[in-house]
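The structure appears below as structure tokens.
6 protein chains.
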Amino acid sequence: MKLLIIVPINNSALNDEILASAKEVVAPDVKIDIKNITKGSPFIQSRYDLARNAPHVVKLAQKAEKDGYDGLFVTDMDMCGVEPAREVVNIPILGGFRANAYTAMMLSQKFSIITILDSVKDLQIDHTRDFGIVNNFASIRVVNIPVGKLSDKKITIEKVYKESLKCIEEDGADSIILGCTGFVGIAKPVQKLLKKAGKQAPVLDPNQTSISYLELLVRNNLMQSRLTYVYQDTKNH
Amino acid sequence: MKLLIIVPINNSALNDEILASAKEVVAPDVKIDIKNITKGSPFIQSRYDLARNAPHVVKLAQKAEKDGYDGLFVTDMDMCGVEPAREVVNIPILGGFRANAYTAMMLSQKFSIITILDSVKDLQIDHTRDFGIVNNFASIRVVNIPVGKLSDKKITIEKVYKESLKCIEEDGADSIILGCTGFVGIAKPVQKLLKKAGKQAPVLDPNQTSISYLELLVRNNLMQSRLTYVYQDTKNH
Amino acid sequence: MKLLIIVPINNSALNDEILASAKEVVAPDVKIDIKNITKGSPFIQSRYDLARNAPHVVKLAQKAEKDGYDGLFVTDMDMCGVEPAREVVNIPILGGFRANAYTAMMLSQKFSIITILDSVKDLQIDHTRDFGIVNNFASIRVVNIPVGKLSDKKITIEKVYKESLKCIEEDGADSIILGCTGFVGIAKPVQKLLKKAGKQAPVLDPNQTSISYLELLVRNNLMQSRLTYVYQDTKNH
Amino acid sequence: MKLLIIVPINNSALNDEILASAKEVVAPDVKIDIKNITKGSPFIQSRYDLARNAPHVVKLAQKAEKDGYDGLFVTDMDMCGVEPAREVVNIPILGGFRANAYTAMMLSQKFSIITILDSVKDLQIDHTRDFGIVNNFASIRVVNIPVGKLSDKKITIEKVYKESLKCIEEDGADSIILGCTGFVGIAKPVQKLLKKAGKQAPVLDPNQTSISYLELLVRNNLMQSRLTYVYQDTKNH
Amino acid sequence: MKLLIIVPINNSALNDEILASAKEVVAPDVKIDIKNITKGSPFIQSRYDLARNAPHVVKLAQKAEKDGYDGLFVTDMDMCGVEPAREVVNIPILGGFRANAYTAMMLSQKFSIITILDSVKDLQIDHTRDFGIVNNFASIRVVNIPVGKLSDKKITIEKVYKESLKCIEEDGADSIILGCTGFVGIAKPVQKLLKKAGKQAPVLDPNQTSISYLELLVRNNLMQSRLTYVYQDTKNH
Amino acid sequence: MKLLIIVPINNSALNDEILASAKEVVAPDVKIDIKNITKGSPFIQSRYDLARNAPHVVKLAQKAEKDGYDGLFVTDMDMCGVEPAREVVNIPILGGFRANAYTAMMLSQKFSIITILDSVKDLQIDHTRDFGIVNNFASIRVVNIPVGKLSDKKITIEKVYKESLKCIEEDGADSIILGCTGFVGIAKPVQKLLKKAGKQAPVLDPNQTSISYLELLVRNNLMQSRLTYVYQDTKNH
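Chains as they are written, first to last, in my numbering: chain A, 1 to 237; chain B, 238 to 474; chain C, 475 to 711; chain D, 712 to 948; chain E, 949 to 1185; chain F, 1186 to 1422.
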């Protein structure tokens, strides 16, 4: 099995870290590559960034299909370009939100999202509506760290932990998902801190959960429904 | 008041007809212009088309704000580019779906959508979820006419009427909205045919309802919330 | 276009102020009159008041239709008499709630209601259920000012501002609607105070939003659906 | 225990039949009287009728409290006057809808409503929204018999049976409630016919279920919540 | 009428108290017995206890039907064994949750649950989902008293009161249900304390509300729907 | 990785077939065993069967944990014993419903369930409520084949295909899940038939989707949340 991680930003700074993280959780027979788009915004922190980068993601997905990949993971919780790409490639493709939200739902009654900035808050609440899972959503809280500053792991872990604890104690969350795939290496340390505080709850790693779900789809020979995503021939576009 | 209709397709064929239609319903002191994007797809019939054209809509919206328009209507039921544009312009901007859905809800308990093709069906159902109005939605039915063939008014009216009647008799609809802004001059004739059949229900014209709602926003000095749509400065992008 | 504002209370104290407020937002070709009922309760602060005054509103609406008005706005957020009146007049008629709630939804993800007294709190929550928009509703908060004391604008603005800020900071609201049409001249000052506090959110004026929505309906030649509101001939009643 | 059935119509034709029906299901120590209002519409088939008769129901409820009744049942599935009356009397008062809907929910997953006329269809769907039980509601079907013709039991039973069967076979209903308290003596025969057809489902008698629920409230010394229904002193009205 | 209370725990300590409590609210012609299971767990504080005791409840229900009881109440808010028992007995059988939740909904807009331990919290939230009444549910709060310690009435009343007040003041509850049928003699004192604090809200006694609802079903000759609960012949099992 | 499939019926007839099917989709480094319970009902076709077999499933799960398995899949769409077992074992355990429903939601907007008998229909609808995913559920249809007859693959495939087509054409389904884990070797043939009929939709194999999801959990070192499923020490039970 050959999977590709598509980084939907014009920036390769996180590629190595994300790739290493994904490799930790896939089976020994899975080969993973990673590629970022080379146009558009260098990060995704708004609907504007999403709209700007989506066409480039779609193109990269189409190229990846031709290159023989079996499945594609767009490493973005807001699924930049995934919905349109599902119409034009005949291999499974997913973003981060659904894989993480459904896995949280598999393990608990309600999940909260810890995200980076206020500018994506309502956008991410929208996902819970769009996928019809509002009743499983406890809350969203913000750590106020832009993507570029997530590399300071110590501060990030501390802030994510503090907000996660509030989600559990004040909002009724039973599990935590992270609203940005730039949160690499954060989930497990936060999960440990929560356990130490008497709150043993799953904290999902956004990239690892997603790549594993993609592996599930490929092993089961499954792809997006052509009834929801009618195939679009783009040759004449 | 100076409003701009943005046609989010690389194609000016419908401009005159839509503009004339919009002018019928605005107050005498409202000036309306219409402009289409000049890149991207010549029609919108898929998520792929939406993604491709959105960045051009955003740019045109930014230019329109500088040109002094008081409000913008993107003539597309699927709101191509509207959500990102709301982050970068400081004037009200809307697409077709919400104006039509809310006005149908103002007048009746449940509405149905008559749309053009299967390829946008699930996408338009998504809007009812995303805006939290699923309980007011009766059904969606498809006439199977691509945008390019909508100009044959006689056939279009007949097909829209037939599907509307099914929505009312079989799905419980009390009003009808049209899922494509290419349906110009269709609503009123269909409403008359329904009335003749004993089913007096509002059938909303997609462009007219929207331009009127934009006028409402401008007269009330209202704009998208900066809490939902945090302002994005795009100068450095 | 000739519109009538129906004041559903046996009391003309607010007529001038409401009329002036409505005139600020309609187009130059719109003529507005205002009339109150002359029986029933002098204010509406309970379900009891609503039931008592509704029959008089219905009669006034019927008279207004005969007098040639094109549309009717019953200036009450709880829509005193509007639902029954929709069955007996053949012109568009609306109350305050839907116009305001839908316009808040047009501009933001979630709205809160600031209302006058505890006695109408659950009643107004009921509206969000009845119209199928619960998912767009953040909260309701009360200023504890009876209708008769709303004329002290300074105190009212201060209290509405404070509660609005709590709705935004604690309840997740992105916009504010006012739960009483007696809140005249309050919305814009509160909106300014919120903006100053870094919370740029729409605060809707209950009368202005409603009269504008009525204007929209009349210009689009739209009326309540006869499928939801079956016509009732009242001659023999 | 002394209960009063309030007939919310200016018409005593059904009094005896309803009273006899109620007496069949209450305990031996329960005394029941019945009284109709003597103003307003002689039947309830619309929102207009509801609005017209509600004030008279409220007055009769207030008188009944003074007369020493322990609880009040307004025999109307649309609960004419019940919500306002709950604010002004300090004894339990209920209409037909909630008692029947909740009892159907107690016994099955989804219920359907069989009602008299199209003019109350959307109104009764509204009750399922207002009380937050939409997910338990399968459908509503209409027999097209006005209240005045319900006395022809044979025809009524046949029509109610046929529509009930459709609710079960086509709409997924597991139980049936009757949308008009004029359906006296209909429920049990329909239930038998359904059982004979292999569909053993509860069919609730609207008056019997309601008077029993009132008895439950009185025996448990329960009344409407003063947090939802804040007490209104009407002495000065 | 002859009713049986089934105590779904291997423990008769609460039998007398529960029986006495139930007798207070039924009509003079109702005879009630009480029996506990004699295998399984001595209390129910988890899903594990529920699963362990359910088969014994089902057997006792089957025996009770043969013994001629007209209806069965399993005194457990989590309805231990009730759903399977509904398939195998032809008399009405209910647990505590639905009777209490629906009666709270009959009297108010939103209810909260006061329960014993964290271990049943999410389980009881599940009931509000399973019965499709999420919108009527305000919150659940825990007193942290295991079943065995509920007999200290003074402490229990104090803790239930404090949490109930929080439900009303912070969570928007208008009525209170108790999440454990071991709360005997608690409801009325708590209701009085709340009233003294200016919060006049129904507080339901879990056993009394349930036995009364069972009486309602028997008097109306009603039983669980055979469409939801298809009859299972257990002779060959 | 060492996984165990628990067959929650007193019957080993399907063990080999299910095991072989599961092995097709797991990675080369995964070892799978299969064990059935040896008490209780030989099949699960009702709530009664579920209640009867659940305690035996819990015990087998506890034993499996001691035996060193890394994760457990209870091969039952109705998740016999899974919820209680989650409280007492410290390894991930899942049933069939959630894995299949979430994977259908990952790939499409709405799924339908094809199930065996009317007796599990409402029970399986309950799962969509309990997990808060009602809006993603199109319908459930029944093939009327008891578990014991599922081995006639030709008939089963034909019937499942026919009902699946109705779900797509009449109910709006975009994907299909199978409501019984006895449907082995059915999904792929049905998916092919649907594709031939122009309806390219995912049809999920109940066992394969579930074992893969369990593998995902184990590889990500994830387990049920201890906030939803508080740990129960069963030593003293």
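The C-beta atom is built at its ideal place from N, Cα and C for all residues, glycine as well.
Predicted, not measured: the structure shown is a model, and the values here were computed from it.
*Straight-line CA distance for glutamate 170 (chain A) to lysine 162 (chain A)?*
Spanning the alpha carbons of glutamate 170 (chain A) and lysine 162 (chain A) requires a straight line of approximately 12 Å.
*Where are the alpha helix (DSSP H) runs, 4 residues long or more, that stay fully inside the stretch 361 to 416 of chain B, in chain order?*
List check, alpha helix (DSSP H) in window: 390 to 408.
*Interface partners of valine 831 (chain D) on chain B, CB under 8 Å*: Close partners of valine 831 (chain D) in chain B (Cβ separation under 8 Å) are lacking, with about 12 Å as the shortest Cβ gap.
*Any idea which residues DSSP pairs asparagine 1001 (chain E) with across the strands?*
The beta-bridge partner set that DSSP reports for asparagine 1001 (chain E) is empty.
*Please report how far the alpha carbon of isoleucine 330 (chain B) lies from the alpha carbon of lysine 662 (chain C), in whole angstroms.*
Isoleucine 330 (chain B) and lysine 662 (chain C): Cα-Cα distance of roughly 20 Å.
*Please name the residue in C:Leu581, C:Arg560, C:Asn681 whose C-alpha comes closest to that of isoleucine 660 (chain C).*
Comparing Cα-Cα distances from isoleucine 660 (chain C) to each of C:Leu581, C:Arg560, C:Asn681, the minimum goes to C:Asn681.
_If we define contact as Cβ-Cβ less than 7 Å, is valine 617 (chain C) a contact residue for chain D?_
Not closer than 7 Å to any Cβ of chain D, the Cβ of valine 617 (chain C) fails to qualify, so no.
*Look at the alpha carbon of aspartate 964 (chain E) and the alpha carbon of phenylalanine 1131 (chain E), and state the distance between them as a whole number of angstroms.*
The C-alpha of aspartate 964 (chain E) lies about 13 Å from the C-alpha of phenylalanine 1131 (chain E).
_Less than 7 Å between the C-beta atoms of alanine 612 (chain C) and alanine 647 (chain C), yes or no?_
For alanine 612 (chain C) and alanine 647 (chain C), yes; Cβs fall inside 7 Å.
*Using three-state DSSP, classify valine 1186 (chain E) as helix, strand or coil.*
Since the displayed chain E opens at 949 and closes at 1185, residue 1186 (chain E) lies outside it and no answer follows.
*Within 10 angstroms of the Cβ of proline 55 (chain A), are there 16 or more other Cβ atoms? Answer buried if so, exposed if not.*
Buried, because 16 or more other Cβ atoms sit within 10 Å of the Cβ of proline 55 (chain A).
_Interface positions of the stretch 586 to 612 of chain C facing chain A (Cβ-Cβ less than 8 Å), listed along the chain_ = Along the stretch 586 to 612 of chain C, the positions whose C-beta sits under 8 Å from a C-beta of chain A are Asn609, read in chain order.
*What whole-angstrom Cβ distance do glutamate 324 (chain B) and serine 46 (chain A) have, given they're in contact under 8 Å?*
With 8 Å as the limit, glutamate 324 (chain B) and serine 46 (chain A) qualify as a contact, their Cβ atoms being about 6 Å apart.
*Listing by chain order, which chain B residues have their CB less than 7 Å from the CB of arginine 47 (chain A)?*
Within chain B, the residues near arginine 47 (chain A) are Glu320, Pro321, Glu324.
_Nearest by alpha-carbon distance to leucine 50 (chain A): which of A:Glu65, A:Val190, A:Met77 is it?_
Scanning A:Glu65, A:Val190, A:Met77 for the CA closest to the CA of leucine 50 (chain A) turns up A:Met77.
_Run through chain B and tell me which residues come within less than 8 Å of glutamine 1294 (chain F), C-beta to C-beta._
Those are Asp359, Ile362, Asp363, listed as they occur along chain B.
*Is any beta-carbon of chain E found at less than 7 Å from that of threonine 1288 (chain F)?*
No, threonine 1288 (chain F) lies away from the interface with chain E (no Cβ there is under 7 Å from its Cβ).
*Examine the Cβ distances between the stretch 1094 to 1106 of chain E and the stretch 1068 to 1082 of chain E and report whether three or more of them are shorter than 8 Å.*
Not touching, per the Cβ criterion.
*Tell me, please, whether the CB atom of lysine 1174 (chain E) is closer than 7 Å to any CB atom in chain D?*
First, the residue type needs correcting, since residue 1174 (chain E) is arginine and not lysine in the sequence shown. Yes, arginine 1174 (chain E) lies at the interface with chain D (some Cβ there is under 7 Å from its Cβ).
*Please confirm if leucine 889 (chain D) has its CB atom under 7 Å from at least one CB of chain E.*
Answer no: the Cβ-Cβ gap between leucine 889 (chain D) and chain E never drops below 7 Å.
*Mind checking if glutamine 445 (chain B) is an interface residue toward chain A, Cβ cutoff 7 Å exclusive?*
Interface flag for glutamine 445 (chain B) against chain A is unset, since no Cβ pair is found closer than 7 Å.
*asked:* Cutting at 7 Å between CB atoms, please list the residues of its own chain near threonine 38 (chain A), excluding the five before and the five after it.
replied: So the qualifying residues of the chain are Asn10.
_As assigned by DSSP and simplified to three states, the class of leucine 3 (chain A)_ = Collapsing the DSSP output to three states places leucine 3 (chain A) in a strand.
*Counting along the chain, where does the alpha helix (DSSP H) carrying asparagine 1131 (chain E) start and finish?*
Here residue 1131 (chain E) turns out to be phenylalanine, not asparagine, going by the sequence shown. In this chain, phenylalanine 1131 (chain E) is not harboured by any alpha helix (DSSP H), its DSSP state being neither H nor E.
*Under 8 Å by Cβ, that's how I've got valine 974 (chain E) and glutamate 1163 (chain E) pegged, so tell me the actual separation to the nearest angstrom.*
So it is a contact: roughly 6 Å between Cβ atoms.
_Option nearest threonine 867 (chain D) by Cα separation, candidates D:Val901, D:Asn847, D:Ile836_ = Per the Cα distances, D:Val901.
*asked:* Taking its Cβ as the centre, do 16 or more other Cβ atoms sit within 10 Å of proline 28 (chain A), making it buried, or is it exposed?
replied: So proline 28 (chain A) ends up on the exposed side.
*Taking 7 Å as the CB-CB cut-off, is asparagine 1405 (chain F) touching chain A?*
The C-beta of asparagine 1405 (chain F) comes closer than 7 Å to at least one C-beta of chain A.
*Within 7 Å, strictly: CB atoms of alanine 1009 (chain E) and alanine 1033 (chain E)*: Cβ distance < 7 Å, so alanine 1009 (chain E) and alanine 1033 (chain E) count as in contact.
*Assuming tyrosine 1254 (chain F) and leucine 1189 (chain F) make a contact with CB atoms under 8 Å, what is their CB distance in whole Å?*
About 4 Å separates the beta carbon of tyrosine 1254 (chain F) from that of leucine 1189 (chain F), a gap short enough to meet the 8 Å contact definition.
_Against chain B, does arginine 98 (chain A) count as a neighbour if the rule is that its beta carbon must be under 7 Å from one of theirs?_
No, arginine 98 (chain A) does not count as interfacial toward chain B.
_Tell me which residues of the stretch 1111 to 1124 of chain E have at least one Cβ-Cβ distance to chain C shorter than 8 Å, keeping chain order._
Cβ contacts with chain C: Asp1122.
*Indicate whether at least one CB of chain I lies closer than 7 Å to the CB of valine 704 (chain C).*
Absence of chain I from the displayed structure is noted, the protein chains being A, B, C, D, E and F.
_Does glutamate 498 (chain C) pass the burial test, meaning 16 or more other C-beta atoms within 10 Å, or should it be called exposed?_
With a threshold of 16 other beta carbon atoms within 10 Å, glutamate 498 (chain C) falls short and is exposed.
*Mind checking which residues open and close the beta strand (DSSP E) that includes valine 89 (chain A)?*
Per DSSP, valine 89 (chain A) belongs to no beta strand (DSSP E) and is neither H nor E.
*Applying a beta-carbon distance threshold of less than 8 Å, which residues of chain C neighbour aspartate 270 (chain B)?*
Within chain C, no residue comes near aspartate 270 (chain B); the closest Cβ sits about 19 Å away, beyond 8 Å.
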